[in-house]
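Notes to accompany the following structure.
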Amino acid sequence: MSAVPGLSTMNSCFLVGHIEQMPVSDRPGPFQRATMKIRCTRPYAEADGSFVEDLFSVSLWRGIADDTCSTCKAGDPVAVKGRLIMQDGQPIIVAEHVSLPAGF
48 MSAVPGLSTM NSCFLVGHIE QMPVSDRPGP FQRATMKIRC TRPYAEADGS FVEDLFSVSL
108 WRGIADDTCS TCKAGDPVAV KGRLIMQDGQ PIIVAEHVSL PAGF
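And the structure:
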């Protein structure tokens, strides 16, 4: 439910970058969960002309966790569509779709 009556909200985020750290499964079994790190370069240069990279943690669940763990490796380009949640006061990206873009 929206905090403002009549205003719908959208909670989606998109990341495109490279896998910095392979997914690590921390909950095996039917409700498997894994976390991977993605390094993304900001799309603009700083005042000195350098580009800054950010490192994001992405939470993967069930089939997405299994598929990503079995098909990806560190350094692979990756595109993630997900949503943001707050956990222990920290924003977490929960992946809803992970793909390896061709020609990236």
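If you count the sequence shown from 1, you need to add 47 to reach the numbering used here.
Glycine included, every Cβ here is placed at the ideal spot set by N, Cα and C.
Through-space distance from residue j to residue i, alpha-carbon basis
i	j	result
T118	S97	32 angstroms
V99	I111	28 angstroms
T88	D101	6 angstroms
T115	V145	8 angstroms
R130	I140	6 angstroms
R80	L147	20 angstroms
A92	P77	44 angstroms
K84	G122	11 angstroms
D113	R86	21 angstroms
I66	T82	11 angstroms
Environment of residue i [buried if 16+ CB atoms lie within 10 Å]
i	result
A94	exposed
M57	exposed
A142	buried
P70	buried
Limits of the beta strand (DSSP E) - the one that residue i falls within
i	result
R86	R80 to T88
A149	Counting along the chain, A149 falls outside any beta strand (DSSP E), and DSSP gives it neither H nor E.
K128	P124 to Q134
Extent of the continuous alpha helix (DSSP H) to which residue i belongs
i	result
S104	Note, S104: premise wrong, no alpha helix (DSSP H); beta strand (DSSP E) at E100 to W108.
Below-8 angstroms beta-carbon distance, residue i vs any chain C residue
i	result
C119	Looking at the structure shown, chain C is missing, and only one protein chain is on hand.
Under 8 angstroms, with one C-beta from each stretch per pair, do the region 56-65 and the region 124-140 reach the 3-pair mark? yes
Segment contact, 8 angstroms Cβ cut-off, at least three pairs: the region 104-111 with the region 131-144: Touching, yes.
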